[in-house]
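Position one of the sequence shown corresponds to residue 145 (this note's numbering), numbered consecutively onward. Notes follow once the structure below has been shown.
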Amino acid sequence: MFTSVSAAAAVAFLPPLTGRASPPAYRVSANRRRRIAPRPHFLTSSASSPILPVAAMATDGAAPAASDVGSKQKLLVFDAEEDLAVSLAKYTAELSEKFAAERGAFTVVLSGGSLIKALRKLTEPPYLDLVDWSKWHVFWVDERVVPKDHEDSNYKLALDGFLSKVPIPTGQVYAINDALSAEGAADDYETCLKQLVKNGVIAMSAATGFPRFDLQLLGMGPDGHIASLFPGHPLVNENQKWVTYIKDSPKPPPERITFTFPVINSSAYIAMVVTGAGKAGAVQKALSDKETSSEKLPVEMAVLQDGEFTWFTDKEAVSMLQNK
Ligand SMILES: O=C1O[C@H](COP(=O)(O)O)[C@@H](O)[C@H](O)[C@H]1O
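What follows is the structure, given as structure tokens:
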């Protein structure tokens with residue numbers, strides 16, 4: 145059995161907002177003068193034993209020691225998706241404040257799919273006023289090669305459900321060039337990222353030599369795919385390019401561009417947002433500490449070199465873990 149973190153329990157751990165050290169350049173409201181305090185860790189585990197049984201978890205909220213610091217993962221399980229959305233907003237807002245203060249910019253990578261709906265609480269008070277949106281730079285971990293107003297476009301999904309509701313400067317939202325071929329769009333996007341590294345907007349990982357985004361907000365498909373990196377597809381082994389393309393995606397539409405694993409795995413923080421019973425099998429495979437002979441799912445290949453990986457899940461998504 146594994147434990148759940150309800151929104152009530154999560155909120156109980158979160159310290160109150162306190163006075164802000166330096167106001168952001170962006171318009172400051174009364175709420176904005178409050179600082180978002182660092183987020184506590186709920187559950188911590190190592191890659192070798194990524195899920196902690198209830199018996200191993202401290203009941204006072206303290207995190208058990210992790211043996212493999214480089215591959216730490218945390219699992220949050222919420223009673224309801226609504227609770228998950230509340231916690232994800234707080235987590236993201238806290239990282240926004242941290243990176244805005246440290247680097248003067250917050251580089252955020254979005255996926256498509258169900259993730260966007262899970263971000264909805266960020267578009268509401270208190271975060272709408274509290275977050276310094278002027279520091280955000282928004283990217284996509286993958287995009288479908290379709291026009292930006294097409295119903296399959298991840299840009300359109302994010303624009304409609306999130307970006308149109310928050311004041312991020314439009315010049316800091318980096319959509320693909322939808323006039324290009326898949327190959328051209330991937331090259332163009334990689335060139336754009338390289339320019340932003342030169343400008344100091346995107347950090348570089350000293351450890352890997354790949355760009356180090358502050359936060360990647362990712363989803364996972366029922367087959368265990370993340371971004372547009374699908375099980376058994378050779379693209380999962382790409383280790384030179386930052387951005388690549390696929391023309392035979394098993395999930396429509398077939399033509400897409402995608403970050404590669406070296407870029408995903410160089411991130412400072414990853415939130416893996418996974419809900420619903422349809423994903424329970426992939427979650428079980430990814431989080432089981434049993435060694436299997438079967439090929440790794442893409443989600444299992446997401447291993448941060450030097451960062452913090454947090455699963456945001458609901459009871460249904462972890463339902464196959466509970467009887468182990
Ligand atoms: O095709 C895609 O699917 C994944 C998963 O989507 P979900 O709706 O099952 O959460 C998504 O993360 C990716 O960005 C998207 O292009």
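Beta carbons are placed, not taken as given, at the ideal position from N, Cα and C, and that holds for glycine.
| task | Could you pull the start and end residues of the alpha helix (DSSP H) that residue 327 belongs to? | result | The sequence position of residue 327 within the sequence shown is 183, counting from 1. 326-342 is the span of the alpha helix (DSSP H), which, as asked, contains residue 327.
| task | Specify the secondary structure class of residue 313 as computed by DSSP and reduced to three states. | result | Along the sequence shown, one-based indexing puts residue 313 at 169. Of the three classes helix, strand and coil, the one that applies to residue 313 here is coil, per DSSP.
| message | Using only CA atoms, which one of 289, 444 and 280 lies nearest to residue 409? | response | Numbered from its first residue, the sequence shown carries residue 409 at position 265. Minimum Cα distance to residue 409 is reached at 444.
| field | 4 or more residues per run - each alpha helix (DSSP H) lying fully within the stretch 396-437 | value | 405-408 and 424-431
| request: Return the first residue and the last residue of the beta strand (DSSP E) that residue 288 is part of. | output: Working through the sequence shown from its first residue, we reach residue 288 at position 144. 286-288 is the extent of the beta strand (DSSP E) around residue 288.
| alpha helix (DSSP H) segments (min. 4 residues) lying fully within the stretch 336-395 | none
| request: Please find out if some non-hydrogen atom of ligand 1 comes closer than 7 Å to the beta-carbon of residue 364. | output: As a first step, residue 364 must be located in the sequence shown, where it is residue number 220. Residue 364 Cβ: within cutoff of ligand 1.
| task | Examine the Cβ distances between the stretch 287-294 and the stretch 315-333 and report whether three or more of them are shorter than 8 Å. | result | yes
| For residue 221 versus residue 462, is the C-beta spacing smaller than 8 Å? | Taking the sequence shown and counting its residues from 1, the one referred to as residue 221 is at position 77. Taking the sequence shown and counting its residues from 1, the one referred to as residue 462 is at position 318. Contact: yes.
| request: Using beta-carbon positions only, say whether residue 469 and residue 253 come within less than 8 Å of one another. | output: What the structure shows of the chain is the stretch from 145 to 468, and residue 469 is not part of that stretch, so it cannot be assessed.
| How close, in whole Å, do the beta carbons of residue 454 and residue 218 come, if the pair is a contact with beta carbons under 8 Å? | For this step, residue 454 is matched to residue 310 along the sequence shown. For this step, residue 218 is matched to residue 74 along the sequence shown. With a Cβ gap of about 5 Å, residue 454 and residue 218 count as contacting.
| message | Any contact between the stretch 342-361 and the stretch 394-413? By contact I mean 3 or more CB pairs, one from each, below 8 Å. | response | yes
| Between the beta-carbon of residue 386 and the beta-carbon of residue 404, is there less than 8 Å? | Within the sequence shown, residue 386 is the residue found at index 242, counting from 1. Within the sequence shown, residue 404 is the residue found at index 260, counting from 1. Yes, these two residues count as a Cβ contact at 8 Å.
| task | Quick one: give me the first and last residue of the beta strand (DSSP E) that residue 230 is part of. | result | The sequence position of residue 230 within the sequence shown is 86, counting from 1. Taken as a continuous stretch (DSSP letters only), residue 230 belongs to no beta strand (DSSP E), being part of the alpha helix (DSSP H) at 225-247.
| Can you tell me whether DSSP reads residue 181 as helix, strand or coil? | Numbered from 1 along the sequence shown, position 37 holds the residue referred to as residue 181. Residue placement at residue 181 cannot be trusted, given a pLDDT of 41 that sits under 50; what the coordinates show is reported in the next sentence. Note: residue 181 maps to coil in three-state DSSP.
| query | Grouping DSSP H, G and I as helix and E and B as strand, with all else coil, what is residue 452? | reply | On the sequence shown, position 308 is the one that residue 452 refers to. Here residue 452 sits in strand by DSSP.
| query | Helix, strand or coil for residue 457 per DSSP? | reply | Locating residue 457 in the sequence shown gives position 313, where the first residue counts as 1. Reduced to three states, the DSSP call for residue 457 is strand.
| query | Mind checking residue 438: buried by the 16 CB within 10 Å criterion, or exposed? | reply | In the sequence shown, the residue the question calls residue 438 occupies position 294. Residue 438 should be labelled exposed.
| What's the gap between the Cα of residue 245 and the Cα of residue 450? | Indexing the sequence shown from 1 puts residue 245 at position 101. Indexing the sequence shown from 1 puts residue 450 at position 306. Each residue's alpha carbon lies about 20 Å from the other.
| said: Under DSSP, the beta strand (DSSP E) around residue 254 begins and ends at which residues? | reply: Here residue 254 is taken as the residue at index 110 of the sequence shown, counted from 1. That run of the beta strand (DSSP E) goes 250-254.
| query | Using CA coordinates, which residue listed in 417, 370, 381 and 419 is at the minimum distance from residue 395? | reply | Numbered from 1 along the sequence shown, position 251 holds the residue referred to as residue 395. It is 370 whose Cα lies nearest to the Cα of residue 395.
| Pick from 457, 368 and 242 that is closest to residue 223, judged by C-alpha positions | The count along the sequence shown starts at 1 and reaches residue 223 at position 79. Of the candidates 457, 368 and 242, the one whose C-alpha sits nearest the C-alpha of residue 223 is 457.
| query | By DSSP, does residue 464 sit in helix, in strand, or in coil? | reply | As a position in the sequence shown, residue 464 is number 320, starting the count at 1. Reduced to three states, the DSSP call for residue 464 is coil.
| task | Answer with buried or exposed for residue 435, where buried requires no fewer than 16 other C-beta atoms within 10 angstroms of its C-beta. | result | For the purposes of this step, residue 435 is identified with residue 291 of the sequence shown, where counting begins at 1. Exposed.
| query | For residue 320, which residues of its own chain have a beta-carbon under 8 Å away from its beta-carbon, when the five flanking residues on both sides are left out? | reply | For the purposes of this step, residue 320 is taken as the residue at position 176 of the sequence shown. Closer than 8 Å at the Cβ level, and outside the excluded window around residue 320, lie 284, 287, 289, 299, 329, 332, 333 and 401.
| Bounding residues of the beta strand (DSSP E) (the contiguous stretch that carries residue 219) | For the purposes of this step, residue 219 is identified with residue 75 of the sequence shown, where counting begins at 1. Residue 219 -> beta strand (DSSP E) spans 217-222.
| Length of the line joining the Cα atoms of residue 295 and residue 301 | Here residue 295 refers to the residue found at position 151 when the sequence shown is read from its first residue. Here residue 301 refers to the residue found at position 157 when the sequence shown is read from its first residue. So the two alpha carbons sit approximately 8 Å from each other.
| said: Under DSSP, the alpha helix (DSSP H) around residue 302 begins and ends at which residues? | reply: Taking the first residue of the sequence shown as 1, we reach residue 302 at position 158. Segment 298-305, the alpha helix (DSSP H) holding residue 302.
| field | Start-to-end residues for the alpha helix (DSSP H) that takes in residue 261 | value | On the sequence shown, residue 261 is found 117 positions in, with the first residue counted as 1. Residues 259-262.
| query | For residue 427, which of 460, 414, 399 and 448 has the nearest alpha-carbon? | reply | Start at 1 with the first residue of the sequence shown, and residue 427 comes out as number 283. Selected option, being the one with the closest Cα: 460.
| Per-residue DSSP class, three states only, for residue 282 | Locating residue 282 in the sequence shown gives position 138, counting from the first residue. Residue state, collapsed to three classes: strand.
| Spatial neighbours of residue 255 in its chain, beta-carbon cut-off 6 Å, leaving aside the 5 residues before and after | Within the sequence shown, the letter at position 111 stands for residue 255. These residues qualify, in order along the chain: 285, 362 and 363.
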